[in-house]
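Remarks on the structure that follows.
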C-alpha cells in the first residue's frame, strides 16, 4: 500500500522532501503540491516527472480526497495554520520545525491533537534519527555508563550569514539540542542560564558569539551546551554523557585517516547539510511507515511545544543573565512515551 | 518506470535481496522467483506479500516475458548456467559471487557477453559500494597522497566454522580483497606469494591460520594482505595505502567513544554482516538504476574473471610456497573503464 | 657548583623529594633534614646513605650555614612559618602546596618576600612543568588557535577516601586547575559559580560529587571545570582550549593501542601518581637550577596567594550557589611575568 | 659512588653523551676524553667546564688509572679496536653502533668477552629503552594478546641525504629494527627476503625506496618491515604485534589534539632526534648504573653480533631477490637472558 502525500511549500527543503519521497524512500507517492509561488510547485513536479496535482494553496491540498498525509514545508508563519487544518481533516502531517512561531501556537496544536484523540503530528526534528545519537542513547539505555549525571555538548558552525543575531543561536541553532537532549535523557529542563564569553573577532555587533547555555533537568542532570557559530574550523556537533560509571561520546563521523604534512588527521565536515543527511531519509521513512501503520511515533507536537517553551526560557536567560525557570506543564498522558 | 525482477534462488541471501528490492530500494519490483525447493520460493513470496509468480526452475524465470532483469542467488554450481542463459535472453543479470566455479567458467561468460555485444552482467562484489572504500579511493584519485606505492591490508574474522580450510581463506575470504584492491588501484596483479606464520592455537589441522598474501601489481605496487580468520577479537577490515607524499587508511566504522574501566575505547564489530550492510543496498540500487538506464557500470564479468584468475594463482602459491605469476590476459577493449 | 639542600618534613612526599634530589636530579645535595618525628628523618638519611645532618626542628635546618636552600614538605599548618623563616634567612625555599592555610597567610609571605626585595619562594605546583600542558600553552602562545575564548576542563579521580568532603574538591583537587589555568591563559579569575549535578550513588552524605565550577576571567574567557572524584573509570585530566580559529586539547598520555575483545582501546591511568610523575622531576630540577642561578622563575608566592584567593571564592560559591567575585588585588610589579 | 668515564671520540654524538653524563644523568663523571682532533676534545671539555684530562688517543684513555669505564663514540672503523682494548683492560665499555664493521669483527668482540669471562660490553641500541617499546613488550610478556604470530612494522623518514644508498636502508635504518625486534619477541631471525615496490619519484638512481623486508623467525613469527626514507610526511616508527587473542600497537608520541582547518589532527614528528630523545638518557643511565653495580644488562656484544649477521643476510637478500638464511650460531650460554 502506498501513502499518497500532499506537500505544502516547495522551497529548498520542500523540494528535497519531494525528491526523497519520490526517488529514495519506499511506500509513498507525492500526489499533490502547492506553493505561494505556483510556478515553483509546477517546476518541481515537471522536473521530477511526478504525477501530482498542483493546487493554488495548502488548504486545497489538505482537502484533496487524493491525499492521505501532509508534509508542511511552507513559510514558517504558516506552519501552525496548515498543521491545525491537517488535524481538523484527520490527516497525518509532518511539519518542519518550527511547529509554530510561539509556544502558545504549539500548545494550540497540542490541544487540537488531544481533542482529535489520536496522534497526527510529527515535527521535523531529525537528530533522534541519526545513527550516532541512536548509538549513544543505546549505551545509556543499556546502562553501560550508569545514570547520566552531566552532558557536555557543543554546536559549532564555521560561519553564519550577516543577518544571524544573538537570539537565533537559540531559535535556529540550539533548537536541535533542545529537542534531542530531551529525547536522549528522557528528561525535561528545569532551569536555564546563559553565559557569554568574550566574543570572537569574527562576529559582528548584533551577534554575541560564542555562548554557553547551562541547563538543570528535572532529574538533576547538568547540561552545558557551547554554541559557537563562527568557530571557523568546521561544522562540529559534540555530545558527551558523563555517567556514574563511565563516559560515552557521540561518534565522530567516519573519515579516512591521513598521515600527511606532519599531521595524523581525519576530516571534520564544514557543511551542516552533510552531517545529518542520512537522518533526513530515516526520519521521513519513519513518518511514511508510521502514518501508513496508523500510529505516529516520531517527535510529537508535545516535543515541539516543549522545545518551544525551553527556547523561550533560553531567550529570557540571554536577556536577564539570571537563572530562568523552564515552565513546561506536566506531560499529558496522551503523549506518554 | 519500474524494473521487473526475476530472482533465481531463495536461500538466505536470495531472500535478503528480495526484501531489499521490495521494501528498501526504489524502482524495482520482484515479479518472478524460483528455487530448487519450490516451497521456499512460495514462502518468501507470501511472507512479503509480493505479487510474484513462482516458477519451477530458473530458466522459466529467465524466459518469462514479465521479467526485465535477473538476480542469481542460487547454488554456486548453477551461477554460470543461469548467467549464460540470461545473456542469451539479452536480459541484465546480477549474479552473486562466484560468477562461476572456475576461471574458465568466468571466461565463458565474458566471451558470451562480448559476443552479445553489450554489458549484461554485474557480479555481486559489494565493497566498491562501501562508503569507506569510496572515500579512500577519492583520496587517491584526488592525488592527495601521490602515486600509491604499497598497500597494507588485513581481513580478520573472530572465528570460522570447523569446515573452513586453508584454501577457503582465498576463495571465501580474500576474494573480496582480490576484487576491491583492483578497483581501488585501477591495476592488475602480476605475481603472488603466500607465507604462513606459525598458526594460532585456535585453528585446526586443515586450516593454516593466519596467512600473508603478497602481491606485485603490473604498476609495481606491493600489496600485503593478512588473512586471520580466528583472530578472536573481532571482524576487522584494514586497508592502508602508502603513497609518495602521504598515507590514507580505510575509516574505522563510526562508534561511540567510551571512557570506562580504565580504557578509552571504541567498539570493533564482530559480525561481518554488520560491516558492509549499507553497501549491499547501494550495490543493488546501482544495478536497478543502471539496468533501467540500459548501461551496467558495476563489477563486470571481466572483474569476476580477473578475481577468479588471481584466486587460482593464490591457491597455487599456497601449495608451492613460490612466487607465482597471475596470468590474466589483456583486458578486452569491451571492458575498458 | 652543587646546591646544598635542607629538607623540612620527611613524610611521604618529603622522602620522594629527597630521593629525587639525591638519586635522579643534577646539581643538588641534601645536607640537612628534620622532621617532627626525628626517627623518620634519620631513617630516610640512612636508607639512602646520605651525608646529611639530622636536626631536631626546621628552624635549625634553615639556620644551618651548610644549607643553601630549603624544601618545605612538613605538616601543612607549618608551611607558612617555615617559608617566612627561610625568607628571613634570605634562602630560596621550595614550599609544597598549600603555601599557607589561608589567603591571608599567603599574603604575609608575599609581603615578606617583597620586603626582602628578591624572589625566594617557589610553590609546589607541578602542572606547569608537565610536557602536555607546556605543549598546550605553546599552541596558544604560537597563536595557532587565535585568542582563547573558552576552556572546558575536567579533573576526575576513580575514587576518594571516606574523609574526603565537598570542600576538599576545591582545596585538594581543583587547586591544581586554579594554578595551572592562570598560567595557561596568563589571566586571572573575575567571578566563580559552582553548580551541583545530582550526585553519583558512589559518594556519601558529606561529599556532593560531581561538581561543576564556572569561571569568568578578567579577559572574559569562560572556563568550566568538572570535578568528579568518584568517576570510577580512571584518573583523567582533561583541558580543551577553544580559540577563535581552532581548538587545542591536552594530550592523552601515550599508551599502547590494543585491538582486543571487540574493542579498539588505549589505557586510562587510574593512579594520580603516574599522571604527572615526570613533572615532579622537572619542577624540582627547575628550582635547583633557578636557585643556583639566583633567580626563581617557577610558581611564585603570588601564584600561591592567587590560587588561595580563588579557592576561598570557590568555597563561598559552593555555599551560596551565587556568582561570587574573586577579589584578587592587582599584581605587584615585583611579580610581573 | 661515582663512575669515572673516559670518552673516546668527541664528534656530535660523543659531545651529546658527554653532556648527558655531566649535566643530566646521575652517578658518573667524565674524567678523560680523546679525539683524533685533539682541539675538538679540548673544546668540549672547556665548554662544559669539566675536570677531565684530554689524551692524544683512545688507548691512553683506556689505560688511564683514573678511568673506570669507557664510552666509544669514535669513527666507526675504530669501534672494534677500542672495544677490544677495553675488554683487555677489563673495563666496561659502552660502544656506539656499529659494534664493528663486519659480523666477523663483532664475533671477535664476543669471543674476547667470553674469554674474559664477564660481560663488559653494551652496544648503543637505544630502542629497548624507549618507554613505548617497553610498554609494548610488557603487553606481550603479560600475555595480554597471546603468542605473537606476526609483526607489521614501518620505519619512515621524511627525506635522506643524496649520499644515502639502497644498502644503507639496511645498515643505517633497519639496523634499529634488527635489534629491537629480537628484543621484543625474544626470538631470532631464520630467513629474510626483500621486495622492492616501484620507487617514489622523490628518490634517486642509487636508492631504491621504499623497500619491504620480510622475516621468518625461529619460532615461526612473520615480520614485515616497510622502510621508506623519502616518505615526505614525517619521521614515523610503527610496530604492530598480532597475537593469538589481540593486537598491540606501539604508542603514537603524545601530542596536542587540534581541531583546525576542517581537520582533527595530532602532530607527527619530522626530526628523528626528537623521537627517542628520552631513550638515550635512559640507555646511558642504565649503563652507568649497571657498570657501577658490576653487571651489564643492556644490549650485549652478542646482540651487536646478531644484528650484524642479520644485516648481512638482508644485504644478500637485496641483491638476490631470494629468501636468504640468517646464519646465526646458537647463542652461547654466556649470553643467556
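Chains as they are written, first to last, in the working numbering: chain U, 39 to 375; chain L, 39 to 375; chain X, 39 to 375; chain V, 39 to 375. Using N, Cα and C, we set each Cβ at its ideal position, and we do this for glycine too. Since the structure is predicted, the reported quantities are computational estimates derived from the model, not experimental observations.
| task | For the region 87-142 of chain L, list the alpha helix (DSSP H) runs that are entirely contained and at least 4 residues long, ordered along the chain. | result | 96-101, 117-126
| How many angstroms separate the CA atom of residue 215 of chain U from the CA atom of residue 128 of chain X? | 59 Å
| C-beta neighbour in chain X for residue 180 of chain U, strict 8 Å | no
| query | Based on Cα-Cα distance, which residue from U:343, U:181, U:168 lies nearest to residue 315 of chain U? | reply | U:168
| Per DSSP, what kind of secondary structure is residue 144 of chain V in: helix, strand or coil? | helix
| query | With DSSP run on the structure shown, which of helix, strand or coil describes residue 247 of chain L? | reply | coil
| Residues bridged to residue 219 of chain V (per DSSP) | Paired residue(s): none; residue 219 of chain V is not in a bridge.
| request: Tell me, to the nearest whole angstrom, how far the beta carbon of residue 322 of chain X is from that of residue 63 of chain X; I am working on the premise that it is less than 8 Å. | output: 6 Å
| task | Could you pull out every residue in the same chain whose Cβ sits closer than 6 Å to the Cβ of residue 5 of chain V, ignoring the five residues on either side in sequence? | result | Absent from the structure is residue 5 of chain V, since the part of chain V shown begins at 39 and ends at 375.
| message | Is there a Cβ of chain V sitting closer than 8 Å to that of residue 329 of chain X, yes or no? | response | no
| task | Could you check which residue in U:306, U:307, U:226 has the C-alpha nearest to that of residue 253 of chain U? | result | U:226
| field | Residue range of the unbroken alpha helix (DSSP H) whose run includes residue 83 of chain U | value | 76-85
| field | Contact residues within the region 165-191 of chain X, judged by C-beta distance below 7 Å to chain U | value | 187, 188, 190
| Closest Cα partner of residue 291 of chain U within the set U:100, U:143, U:304, U:326 | U:304
| task | Measure from the C-beta of residue 235 of chain U to each C-beta in chain X and report whether the shortest distance is under 8 Å. | result | yes
| message | Do residue 143 of chain X and residue 120 of chain X count as a contact pair if the criterion is CB distance below 8 Å? | response | no
| query | Taking the alpha helix (DSSP H) that residue 5 of chain X falls in, what are its first and last residues? | reply | Residue 5 of chain X lies beyond the range of chain X shown here (39 to 375); nothing can be said about it.
| said: Give me the chain V residues within the contact set of residue 62 of chain X, using Cβ-Cβ distance strictly less than 8 Å, ordered along the chain. | reply: 64
| query | So which residues on chain V does residue 283 of chain X lean against when the C-beta distance must stay under 8 Å? | reply | 298
| request: Determine the DSSP secondary structure at residue 304 of chain U, reduced to helix, strand or coil. | output: strand
| task | Check residue 170 of chain U in the structure and name its three-state DSSP category. | result | helix
| query | Given residue 138 of chain V, which residues of its chain have a CB within under 8 Å of its CB, disregarding the five upstream and five downstream residues? | reply | 117, 118, 121, 144, 146, 147, 342, 346
| field | Member of L:157, L:104, L:228 whose CA lies at the smallest distance from the CA of residue 260 of chain L | value | L:228
| CB residue 184 of chain V to CB residue 282 of chain V, shorter than 8 Å? | yes
| request: State yes or no: is the beta carbon of residue 308 of chain U nearer than 8 Å to at least one beta carbon in chain V? | output: yes
| request: Please go through the same chain and pick out, in chain order, the residues whose beta-carbon is closer than 8 Å to the beta-carbon of residue 125 of chain L, but skip the five residues on each side of it. | output: 131, 147, 150, 151, 154, 158, 159
| task | Give a yes or no on whether the minimum CB-CB distance between residue 290 of chain X and chain L is below 8 Å. | result | yes
| task | Pull up the distance between the alpha-carbon of residue 371 of chain U and that of residue 335 of chain L, whole angstroms please. | result | 54 Å
| request: Name, please, each residue of chain L whose Cβ falls closer than 7 Å to the Cβ of residue 305 of chain X. | output: 300, 301
| What residues from chain V crowd round residue 274 of chain U, counting only those whose CB sits closer than 8 Å? | 297
| task | Using alpha carbons as the reference points, say which of L:161, L:332, L:247 lies closest to residue 197 of chain L. | result | L:247
| Which chain L residues sit within Cβ distance under 7 Å of residue 286 of chain U? | 294, 296
| said: Would residue 271 of chain X pass as an interface residue toward chain U - the criterion being a Cβ-Cβ separation below 8 Å? | reply: yes
| field | Of the residues L:74, L:73, L:44, the one placed nearest residue 60 of chain L, counting alpha carbons only | value | L:44
| Whole-angstrom Cβ separation of residue 262 of chain U and residue 190 of chain U, contact assumed at under 8 Å? | 6 Å
| message | Please list the terminal residues of the continuous beta strand (DSSP E) segment that includes residue 190 of chain U. | response | 186-194
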